[in-house]
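Protein chains in written order, with our numbering: chain B, 83 to 499; chain F, 2 to 122.
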Amino acid sequence: MLSYDIVVVGGGPAGLAAAIKARECGIESILILERAEFLGGILGQCIHTGFGLQYFGEELSGPEYADRFIRQVEDLKIEYKLDTMVLQVTEDKKVYAVNKTDGLLEIQAKAVILAMGCRERPRGALNIAGTRASGVLSAGTAQKYVNIDGYMPGKKVVILGSGDIGLIMARRMTLEGAKVECVCELMPYSSGLTRNIVQCLNDFDIPLYLSCTVVDIHGKDRVSGVTIANVDENLKPIPESERFIECDTLLLSVGLIPENELTSAVGISIDRVTSGAVVDEYRETDHEGIFACGNVLHVHDLVDFVTQESQIAGEGAANYIKGKKEKAKYISTKGVGAVRYIVPQKVNLNCSEDVKLFFRVGSTFTNASVVVKHNDETIIKRKRPRLTPGEMEDVTLKQDMLKNFKENDVVEITVEV
Amino acid sequence: MIRNIICVTCPMGCSLVAELNEQGEVISVSGNTCKRGETYAINECINPVRSLTTTVRVEDGLYNVVPCKSASPLPKEKIFDCMKVINSTCSKAPVAIGDVLVANVCETGIDIVATNHNPTK
């Protein structure tokens, strides 16, 4: 059996940043386990720019952003294994993994950092009627075909879902010569960035149909078209509005789900809104010494925030190993009204730093206030010109505020118009 | 002439209205909530530019293609011409980040550079 101080599950932006930070905090024995044949995770296929504006203050493409961290991992001589699938993590922090050269690996860790990322919601999660013709892909799968494998999965495309991946793929397919017929969005608004709607759709005259969805998929061997329909205020399709659009490809960009099978199997508590683990301010789960960070914890809109969160988890894991963890006396955080969720879900009153609370709202607001309450008393109030579901927000709990709290208190965040 | 433009300088996404005279000069910009919006609208009317990211074929590479970007934003109307040139290009592995794959694409004075490594197969 192998043994390491820290085993990091996943070598994407979260795993890399967590491992680097843990090494900087003095932990020598670290192993990253990565399922793919390269480090960097999904960034390798995200060839568009817009990464790193927050963290590096410059606009990088996905591979360039990843490369900066991969180089650090190499320079710091942090060990990693590629093409390695983690099968199980146990409560006593044994990690079972398998690859072609080592066979089955049994690794005893002192701390485990879960950084498995997320995956796309598939067709099966949508219950779209129709045939099983080929040509129905998730937007991310199409992105891998085009940007890594170098071939086009279709010529005439309909995209369902107007999240950023869908919008980016609309532009990418168009640049490579495909005709993107339209993007359909179930909701009355797009969850994508305005910048992407302008530069990925408007620039190429690709129509965006809001309150519209795909109700049928046609085709025998290959998709021959889809039926789309407008939806009413209850998101139910309106039969009279059905129309046929000829296409050979349907791309689905309908949301991301944290990949938490390993987490659940340990028995770690999962937040029903984030679909990620319930964690404290160091991103430690309710199982001591097991941490989670990045998109496996909650889906982020910017990789820059993934990096920052994972550094917190890396430091937390290092402190845990060095026995520097403060005695836990938790308060919990709770999103109220428009605030859908908060990470971390609990904060240790004995922690020695200010704690940033990250949260997401459920609808769009202009000129609203973010209000933090403790025992019905407002302790923070911050004006925000604009709040949208697509952009993560944060407020900072100062350490001197924590002094006034008692164990098991609840801190609430809400939006006031 | 009136042009409606959505500002993408920040996440606010203000709806701007630019008024142009017959010579194509911008006479006025409205709807902006900050100075950057005005600059954006004027640039969109007289010289719209876009960053281009795409891929270039690689011979003998571990992967068939390598991702690349324009070293600075290209004139918007030349994007598809640049795509044609880029798609008729083939690089030879190994390719490293920052390698110039197409120099001075479409006489724009702007290079297409690799944004990832692609080692030899």
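We put the CB at the ideal spot given by N, CA and C, even for glycine.
Report the rounded CA-to-CA distance for residue i versus residue j, giving the unit in angstroms.
i	j	result
B:T213	B:D330	13 Å
B:V499	B:G245	26 Å
B:I195	B:A207	28 Å
B:Y233	B:S111	41 Å
B:V171	F:V86	50 Å
B:L268	B:Y291	9 Å
F:V67	B:K226	12 Å
B:Q481	B:S434	7 Å
B:K438	B:R153	29 Å
B:E328	F:K77	29 Å
B:D353	B:V360	5 Å
F:S92	B:I230	15 Å
B:A410	F:G14	44 Å
B:A395	F:N119	31 Å
B:K407	B:V177	23 Å
F:L75	B:L186	51 Å
B:L332	B:L283	17 Å
F:T90	B:R253	21 Å
B:G419	F:C107	54 Å
B:I403	B:A104	10 Å
So if DSSP puts residue i in a beta bridge, which residue, or which two residues, is it bridged to?
i	result
B:D298	B:A211 and B:T309
B:F373	B:I195 and B:E366
B:I327	B:V308
B:D476	B:F440
B:P340	B:C200
B:Q170	B:Y178
B:S244	Answer is none; B:S244 lacks a bridge partner.
F:P76	F:V50
B:Y412	B:N430
F:L1	Shown here, chain F extends from 2 to 122; a query on residue 1 of chain F therefore has no answer.
What does a CB cutoff of less than 6 Å around residue i pick up in its chain, not counting 5 residues either side in sequence?
i	result
B:T446	T470
B:K428	D362, Y412 and S414
F:T121	D61, A94 and P95
B:E489	K411
Less than 7 Å between C-beta atoms, sequence neighbours within five positions excluded: which residues of the same chain meet that for residue i?
i	result
B:D314	I320
B:D174	none
B:M483	I461
B:L317	L268
B:I129	S143, G144, P145 and N229
B:A450	R466, L469, V497, E498 and V499
B:R464	S451, V452 and V477
With distances taken between CB atoms, is the gap from residue i to residue j smaller than 8 Å?
i	j	result
F:C46	F:L17	no
B:G199	B:G123	yes
F:V114	F:K70	yes
B:L125	B:Y162	no
B:V334	B:G236	Correcting the residue type first, residue 334 of chain B is Leu in the shown sequence and not Val. Taking 8 Å as the Cβ cut-off, B:L334 and B:G236 do not qualify as a contacting pair.
B:T166	B:L115	yes
B:I160	B:A101	yes
B:V228	B:E263	no
B:V297	B:G217	no
B:L431	B:F373	no
B:I88	B:A193	yes
B:L275	B:G472	yes
B:V443	B:V421	yes
B:T389	B:V453	no
F:R4	F:A19	yes
B:N209	B:I250	no
B:A211	B:G92	no
Helix, strand or coil: how does DSSP classify residue i here?
i	result
B:L187	strand
B:T276	helix
F:L63	coil
B:L115	strand
B:V454	strand
B:Q136	coil
B:F387	helix
B:G417	strand
B:I129	coil
B:Y227	helix
B:P467	strand
F:E45	helix
B:T496	strand
B:A260	coil
F:F81	helix
Less than 8 Å between C-beta atoms, sequence neighbours within five positions excluded: which residues of the same chain meet that for residue i?
i	result
F:G99	V114 and A115
B:H369	E173, V348, G349 and I350
B:K416	I424, V492, V493, E494 and I495
B:S346	I352
B:F387	Q136, F440 and M474
Cβ of residue i versus every heavy atom of the ligand PLP: is any distance shorter than 7 Å?
i	result
B:L196	By its list of ligands, the structure shown contains no ligand whatsoever, and the ligand PLP lies outside what it can speak to.
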